[in-house]
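So the sequence lines, in the order shown, correspond to chains A and B.
Sequential numbering from 1 applies to the first sequence in the numbering used here.
Sequential numbering from 1001 applies to the second sequence in the numbering used here.
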Amino acid sequence: MKKYTLLLAFAIAPNISAQEGEALVQNAMCYACHQMESLSLGPPWQAIAARHASRSELMTEVLAGKIIRGGGGTWGNVPMVPNQRVSEEEAKAMAEWILGLAP
Amino acid sequence: MKSFKLKLWSIFFSTLILSFQPARAATIEGIVVDQNGNPLTNIQLVYTRASGARGASAVTVFSGTDGRFRFPDDYPERINANTDIAARGLGYRQVDRLVEANRRTANLTYIMQPVTNQVEVAPASAWLARIEDRAEQAAFIMNCIDCHQVPASEVRDYAALIDDLHASDPVLARRQSWDSIVKYMNFLSAWEFSRGGRPEGVEIDAEAVYAVENSADVVNLLTGIFKDRLDHIEGYDWGAPIITTADTAIWDYEVPEPNAIREAVMLGDPAMLLAADVGANRIVGINVRTGRQQDFEVPTDVLIAPHSLHRGSDGMLWVTPLFNNIVAKLNPANGDWQTWELETSTGGGVGIHDLSFGHEHELLTDAGGRVWFSDIGNRAVGYFDPADGSTEIWNTPVAESRANDSALYGSAAVYGLVMTVDRKEVWYSQLGNGVFGGFNIDTKEFIGPFVLPDANAGPRRISISDDDVMYLALYGTGQIAEFDIKTRQMLGIYDLPDTASAPYSVTWDPVRKVVWVPTANGDVIYRFDPATKDFGVIPMPRERAFLRMIDIDPATGVLVSSYANIVENVNGPRMAFIVDPGDGAYPEKFSPATASAPTTAE
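This is the structure we're talking about:
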């Protein structure tokens, strides 16, 4: 019974939360290029959130992919650097946190 | 029927006996051939072992002249078709592998195909051949290759991302993109190098530390040379003969992340790799035989960020810091530390880089037992007395021909340090202005300074032979300099086989009578023979092999060093490693299975 309880615990273990996403953003040093409200090397997080919040489910996936693999063209000529050391799950939590900043 | 039952019992007992036999360790051997069955020499066989395997994380050997190879020692794990042993060679691709394995032997056959595109093995330096002007190449290397390779694979991936923009003005897009990357890198390096004294919540001044001062020039250069996807390169060769044999072996020991492994030496009995983690306040000890790791925390309240390691002749490990004025000494046998916080008699601080290496690449003190150091903070050399901590420094003289350029003078950090055989002089290098010189310990007078032809020569770690010939690794210009201390004469400055390889260090080998040159951007170790002025090459088994100082085990002659990509979120291996060149030059043969590193008491 103990074994099944353990398995169940693993099965329902929550994913990384959006709140933890903020900490992950800090750890990955995203603030080297992004700030909350003002333009830096990359677009402000609030501007990203405002643009994509209406499609947050889809854009969580899209932004997570962009965090890991980099990419560009959305905000100008400068591609975002890839962050290959960020896992998929972490990237989704980071994207959720960013999209949650929408006013 | 009786006979059948007997047979069954016989099979049962045989099986039982077999199952109780200790697992046999397997030898791994084989051959590398081309598609016509011709043997291929100097192909690397890289065995990446399962996580938690006893001993090294990866072992590499090379095929001999008959194409055959054999991994040293035996391996307890079962070798089968899924085992990660890959063949790797510049200009070749593995197209097939045949595995015949039983419990005692794994026999592997690799079939290789020549390829035009060398992108999978060519080092980052290969791409910098696009910079035709040597002075421009040197300036770029000095600006951009302090912490990681350029263009490492992620830099090349970024070039592809720029190309994928399909921008209407591609030159503008490249310029803006590389400009952003330079700023991003400035930020990361400022973050890394301010960790020692950065209060929480204080914003990082990306222009303050190690920032690219002439970023406009760097951006122009990047825009001009990295204008494609950087996914195709042809015609690169190592530039000198590969000196590996069928007896050459490389053992890599991975350190779990996060870490910023800087450099490594081997000490103790049983032998331990001791790796400096510049990202923490620790030395990581790795048991060479078992691979088991333990931390030796430096007992200080402030982060010293262990940077340079020095093997003491008494078996102690001497550690100097990246951030401050604390020298530490570790006894690897019992984990005991001793530390000294250095301060001059006038209350001034010091910033230590190296302690004085002798010709056996051990810490060498002067006749009074004082430890000499290069002071990167004050552009000085100095000593401290381990008995009472007393410290004194002398500022190095200004090289007149480089004195008018304030930027050069400002970056003229005193970096490497060696001591002559008679222990009466120390000699130093100055990284940022291409200058070196000596200091007479008795008279307290400087000798020189001596000026290298290129201000961006970038002399880093230096070494001294048993005949008082000093060797300087010229990081920027991709050369080594050979200077006779006795006659104060430059014997020669020699181009490395790849001048964009960024040689970090040089180490005199007292038995082989050669100089070993680890590179930061070339994925190779060079061997320089002073008698013939010839170079040889040992290719490393992985990309982004950002190599640091090499130490030489005095008993077996194996080379010990590390892959040292720093800034925690930069990709790349973080490992300490051991290389047996396979030349049989030392009487004792190294084996991790029996490794001990005998030390001699003073």
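The beta carbon of each residue, even a glycine, is placed where N, CA and C say it ideally should be.
Relative to Thr1443(B), the option among Val1426(B), Phe1450(B) and Val1451(B) whose CA is nearest is Val1426(B). Listed in chain order, the beta strand (DSSP E) elements of length 3 or more contained wholly in the region 1478-1502 of chain B are 1479-1484 and 1489-1495.
Residues of chain A with a Cβ closer than 7 Å to the Cβ of Ala1280(B) do not exist; the shortest Cβ-Cβ separation is about 15 Å. Only exposed fits Gln1113(B), as fewer than 16 other CB atoms lie within 10 angstroms of its CB. Taking C-beta separations shorter than 7 Å and ignoring five residues to either side along the sequence, the partners of Leu1128(B) in its chain run Gln1137 and Ala1500, following chain order. C-alpha of Pro1076(B) to C-alpha of Gly1492(B): approximately 50 Å in a straight line. Neighbourhood of Ala1126(B) in chain A, by CB distance below 8 Å: empty, with the nearest CB roughly 22 Å away.
Residue range Tyr1092 to Ala1101 is occupied by the beta strand (DSSP E) that includes Gln1094(B).
Listed in chain order, the positions of the region 61-74 of chain A with a beta carbon within less than 9 Å of a beta carbon of chain B are Arg69, Gly70, Gly71, Gly72 and Gly73. Contact note: Ser1177(B) reaches chain A through Asn77, Val78 and Pro79, using a C-beta cutoff of 7 Å and chain order. In the displayed model, Pro1123(B) falls within coil according to three-state DSSP, outside both helix and strand.
Leaving aside the five residues that flank Asp1529(B) on each side, the residues in its chain whose CB is nearer than 7 Å to its CB run, in chain order, Val1514. One thing to note: Gly1312(B) has its Cβ within 8 Å of the Cβ of Glu1362(B).
When only Cα atoms are considered, Ile1525(B) and Asp1551(B) end up about 12 Å apart. Put simply, the region 1238-1252 of chain B does not touch the region 1301-1318 of chain B. Fewer than three CB pairs are less than 8 Å apart.
Under the Cβ criterion (8 Å, minimum of three pairs), the region 1161-1177 of chain B does not count as touching the region 1577-1587 of chain B. Taking C-beta separations shorter than 6 Å and ignoring five residues to either side along the sequence, the partners of Gly1522(B) in its chain run Pro1123, Ser1125, Asp1498 and Ser1501, following chain order. Taking CB atoms only, Asp1231(B) has no neighbour in chain A less than 8 Å away. Taking a contact as a CB-CB distance under 8 Å, the pair Tyr1253(B) and Ala1056(B) counts as one, their CB atoms being some 6 Å apart. Only Glu1154, Asp1157, Tyr1158, Leu1161, Ile1162, Asp1164 and Leu1165 from the region 1140-1165 of chain B bring a Cβ to less than 8 Å from some Cβ of chain A. Scanning the region 1238-1314 of chain B from its first residue to its last, the whole beta strand (DSSP E) runs of 3-plus residues come out as 1249-1254, 1261-1267, 1272-1277, 1282-1287, 1293-1297 and 1306-1311. For the pair Gln1430(B) and Ala1455(B), the CB atoms are not nearer than the 8 Å cut-off. Judged by DSSP secondary structure, Thr60(A) falls within the alpha helix (DSSP H) whose first and last residues are Ser56 to Arg69. Counting along the chain, Ile98(A) sits inside the alpha helix (DSSP H) bounded by residues Glu88 to Leu99.
Residue range Ile1326 to Asn1331 is occupied by the beta strand (DSSP E) that includes Lys1329(B). Where Glu1154(B) is concerned, the enclosing alpha helix (DSSP H) starts and stops at Ser1153 to Asp1164.
Following the DSSP letters along the chain, one finds Asp1217(B) inside the alpha helix (DSSP H) bounded by residues Ser1215 to Ile1225. Per the C-alpha coordinates, the member of Arg1292(B), Leu1090(B) and Ala1053(B) positioned closest to Tyr1236(B) is Leu1090(B).
DSSP lists Ser1463(B) and Glu1482(B) as the bridge partner or partners of Tyr1471(B). By the C-beta criterion, the region 83-96 of chain A is judged to be in contact with the region 19-29 of chain A, since at least 3 inter-stretch pairs fall below 8 Å.
Of the other Cβ atoms in all chains shown, 16 or more fall within 10 Å of the Cβ of Met1470(B); this residue is therefore buried. For Trp1516(B) and Thr1109(B), the gap between their C-alpha atoms comes out near 32 Å. Under a 10 Å Cβ-count criterion, Gly1285(B) is classified as buried, with 16 or more other Cβ atoms of the shown protein chains found around its own Cβ.
Here Met1266(B) has Leu1273, Asp1553, Val1560 and Ala1597 as same chain residues with Cβ atoms under 6 Å from its own Cβ, once five neighbours each way along the sequence are excluded.
Contact note: Lys1183(B) reaches chain A through Leu41, using a C-beta cutoff of 7 Å and chain order. Going by C-alpha positions, Met1575(B) is about 7 Å away from Ile1261(B).
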